[in-house]
Amino acid sequence: MIFKYKNYSIETDDNVYEPSDDTYLLISALENIVLKKEFKVLEVGCGTGIISISLSFQVESAVACDINPYAVELTSKNFERNKVHNVRVVGSDLFSNVSGKFDLIVFNTPYLPQSPDEAVSGSINHAWDGGADGRKVIDRFLSICPMFLSERGSIVFLESSLSNYEKSINYLEKKGFQVEIIGRQKLHFEELVVICAVKILS
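Those letters in the sequence shown? Residues 142 to 343, per this note's numbering, in order.
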């Protein structure tokens, strides 16, 4: 299926997480982040590529990565469809195939608590499987992420009350980040939040 969002044309795939409330909340929050043209941007878990596409027109270069090979292929297609040529897409389990330092790292995290018997077959399961407490991927991401940030870099990521986002805020503050919630949306069974964490120079 192909749908229009703003000026973008986005193709979807049954094997890739389709843009939803969390995607659009993250895009909306990112619109309030001031990006310099020379900023290096990384999107982790790019899915369809819609978030990277929305950021691509503000910076000279970016990287989009996903553990799901179908997402990597689909993101490449959507870059072509929207004439995006300044974002490189790679297959990567979080930062496993990424190098360098970034001024902004973006991630729509898999935050849903999920037991092994609830797992969906196929690569798409990575898109929402947060493990027993919803934090399996989030905690890994936050522990590794600072190593890939530039001197004054920022992390902007989305998670949910279901994954206890206060844990992320407390963890980052203890690590010396200035943390702020820059987006919220209440749904019938959870609250989505977009968290911005800025590296403070010591």
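For glycine and all other residues, C-beta sits at the position ideal for the given N, C-alpha and C.
Computed from a predicted structure; not experimentally measured.
- Proximity of the region 210 to 221 to the region 241 to 250 falls short of the contact definition, fewer than three beta-carbon pairs being nearer than 8 angstroms.
- Excluding sequence positions up to five before and after E314, its CB lies within less than 6 angstroms of the CB of V320, all in the same chain and listed in chain order.
- Inter-residue distance for G275 and E172 is about 27 angstroms (C-alpha atoms, whole angstroms).
- About 17 angstroms separates the beta carbon of K242 from that of L196, a gap too long to meet the 8 angstroms contact definition.
- In this structure K224 does not touch S202 by the C-beta definition: roughly 15 angstroms separates them, more than the 8 angstroms allowed.
- The beta-carbon separation of C337 and V297, rounded to 5 angstroms, stays under the 8 angstroms limit for a contact.
- DSSP, read as helix, strand or coil, puts K181 in strand.
- Between the alpha carbons of H329 and L303 lies a gap of roughly 12 angstroms.
- Distance from the Cα of Y312 is smallest, within the candidate group V157, R281, H267 and P160, for R281.
- For A338, the enclosing beta strand (DSSP E) has its first and last residue at E332 to K340.
- When beta bridges are read from the DSSP output, L299 appears opposite N249 and V335.
- A check of alpha carbon separations from T189 across S284, V228, K316 and E214 identifies E214 as the nearest.
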